[in-house]
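For reference, the structure discussed in these notes is given below.
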Amino acid sequence: MTDPLVRGWCPGAHRPMRSGDGLVVRVRPRLGRLSGAQLAGLADAAARFGSGRIDLTGRANLQIRGVADDDHPALLAALSAHGLLDADEAAERRRNVVVTPFPDMAGETAALAAALDARLGDLPPLPAKFGFAVDTGPVRRLADVPADIRIERAADGGLLVRADGLDRGVAVGPDAAIAFVFGLARWFSVAGGMVAGRGRMADLVGRGVRPPAALAGDALPAAAAPPPVPSPADGGRLVGFAFGAASAADLAVLAALGDVRVTPWRMLLVETAAAPPDRPDLLLADDPLLAVAACSGAPDCQQAKGTTRDLARRLAGLVPPRTRLHVSGCTKGCALAGPADVVLVATAAGWDVVRDGRPGDPPVARGLPAARLADPTFFRELVS
Ligand code: SF4
1 MTDPLVRGWC
11 PGAHRPMRSG
21 DGLVVRVRPR
31 LGRLSGAQLA
41 GLADAAARFG
51 SGRIDLTGRA
61 NLQIRGVADD
71 DHPALLAALS
81 AHGLLDADEA
91 AERRRNVVVT
101 PFPDMAGETA
111 ALAAALDARL
121 GDLPPLPAKF
131 GFAVDTGPVR
141 RLADVPADIR
151 IERAADGGLL
161 VRADGLDRGV
171 AVGPDAAIAF
181 VFGLARWFSV
191 AGGMVAGRGR
201 MADLVGRGVR
211 PPAALAGDAL
221 PAAAAPPPVP
231 SPADGGRLVG
241 FAFGAASAAD
251 LAVLAALGDV
261 RVTPWRMLLV
271 ETAAAPPDRP
281 DLLLADDPLL
291 AVAACSGAPD
301 CQQAKGTTRD
311 LARRLAGLVP
321 PRTRLHVSGC
331 TKGCALAGPA
341 DVVLVATAAG
351 WDVVRDGRPG
361 DPPVARGLPA
371 ARLADPTFFR
381 ELVS
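Encoded structure:
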C-alpha cells in the first residue's frame, strides 16, 4: 500500500492546500468564535469563491473548499473584510488554539484564551502542528483533541497547565497561567522537541524527557467528559453536520440565529435558545450519522483510494449502539484523530478492515468490495 502524503504543515488562508476539488482555504476563528455577521460573510464568500462547501475540522477550524486559484485573492479580501484574516502566513500558523465552547462559572476561559492569543507572536519557533487547548469549562471536554500544552480545569476546581503526555500539571492562578504555558513552550524548544520543523509534546515526554519539576507539577486534571452530541447546551444550541461538512446555505441560516462558537467535534454551538430549522444536513439530535466519521475521500481528495461518504451513509443505520465506525479514503485517517471500533480503509484492491484502531493499523481483513460491506447481515457480523 502506498503511504499517504504527510505534509507536516497545516493549510491556512494565506497558504491554502491543493486538493482534488480545488484549493482548501482554512479559516481559524479567533478564540473559537464568530459573530453572526462573520459567519454570514464566510458563507457568502464560500458560495461566491468556492464550491459552497465548508468542512469543520477536528481543531475547531473551518475549511472553504473548491476555490479556484484565480479566486483566491478575492476570497482573501472577503475574509479580511469580515475580520477573518491574519496579517500574514506566520501569524495564522501560530494560532493553533482550541478553546472549549462552554462557558465557565468564573468567566476565566475567554480571558485566558484572549491572553494567550495576544502573546502567540512571542512564542519561540515551534512545529507547525504544535497547538494549545484552553479546556477550562465546567468539565474537561478537550482531552481527546490534539494539543501540546493544555490549560485545564483541575480536579479541585482550580486551573492547571499541563504538558500533553503527562498525567499531571502545575496548579496555577488565572494570572499566572500564560507564563507557565510559555515556560513549557520554551522548555520544549530547548529540550529538542522539534526536529526538522516537526515534533509533538507527547512524543518528547514519551521518550522519557521531562520538564523541570516547577513546570511538571503534581496537580490532577478533572475527569474528562465524553464529547457532546447535537442538543440544547450551556450557552446555546449544538448543531452538527453530516460528516462535518456544512453548506453555505446552512451556515447562512444559522448565522441569522446568533453568534457561534466553533467546536472540535465538527459542530457549531449557536448562541440561541431557538431551535434551528429542520434541514437535511443539519444534525439537531441523535442521528445514526453521528456514529460514523468519514473523510471527503474521492474525488475531492487526491490521495483517496475510494469514495467514502456514500458507503458511510449506507452503513450508518447498521452501526450498533456505542460503536464508532471510521470510513477512511486512505491510511492517513483525517476524519478522526483517535481510534474507532471499526475502521474501513479504501485501498486500490478494495476495503481493508481494522478493529479497535486507526486506519494505518494492521487490518484483520483485506480488499473487501463495498457491496459486500453494505450487506446488512455481513456488516453486522463484521462489527459484532
Ligand atoms: S484520509 Fe481521506 S481526506 Fe485524508 S488524505 Fe486520506 S483520502 Fe484524503
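Mapping to the UniProt record's numbering: the sequence shown position 215 is 215, numbers consecutive. A virtual CB, placed ideally from N, CA and C, is assigned to each residue, including glycine.
- The beta carbons of R59 and N96 sit closer together than 8 Å.
- Distance from the CA of W187 to the CA of D164, rounded to the nearest whole angstrom, comes to 13 Å.
- One residue list follows from the rule of a beta carbon closer than 6 Å to any heavy atom of the ligand SF4, given in chain order as P4, C295, S296, G297, C301, Q303, A304, S328, G329, C330, K332, G333, C334.
- L62 is the residue among S51, L62, M17 whose C-alpha sits nearest the C-alpha of V27.
- Per DSSP, A219 is not a residue of any alpha helix (DSSP H), being assigned neither H nor E.
- Per the coordinates, the alpha-carbon of T136 lies some 18 Å from the alpha-carbon of L268.
- For L76 and F379, the gap between their C-alpha atoms comes out near 45 Å.
- Under the DSSP assignment, Q302 falls outside any beta strand (DSSP E); it carries neither an H nor an E label.
- Leaving aside the five residues that flank V99 on each side, the residues in its chain whose CB is nearer than 7 Å to its CB run, in chain order, L31, G32, T109, A113, V134.
- When DSSP states are grouped into helix, strand and coil, R30 belongs to the helix group.
- Taken in chain order, the complete beta strand (DSSP E) segments of 3 residues or longer contained in the segment 164-234 are 170-172, 231-233.
- Approximately 17 Å separates the beta-carbon atoms of A242 and A43; this is outside 8 Å, ruling out the contact.
- For the set L373, S19, K129, A298, the Cα lying nearest the Cα of L325 is the one of L373.
- Of the other Cβ atoms in all chains shown, fewer than 16 fall within 10 Å of the Cβ of P369; this residue is therefore exposed.
- For G36, the enclosing alpha helix (DSSP H) starts and ends at 36-49.
- Straight-line measurement puts the Cα of R355 at about 36 Å from the Cα of A13.
- Within 10 angstroms of the beta-carbon of D69 lie fewer than 16 other beta-carbons, which makes it exposed.
- Uninterrupted alpha helix (DSSP H) stretches at least 4 residues long and entirely within the segment 54-103 occur at 72-81, 89-94, given in chain order.
- Counting other Cβ atoms within 10 Å of its Cβ, M105 stays below 16 and is therefore classed as exposed.
- Note on geometry: alpha-carbon atoms of A285 and V239 lie some 8 Å from one another.
- CA-to-CA, the gap between P211 and P146 works out to about 20 Å.
- DSSP places D250 in the uninterrupted alpha helix (DSSP H) bounded by 248-255.
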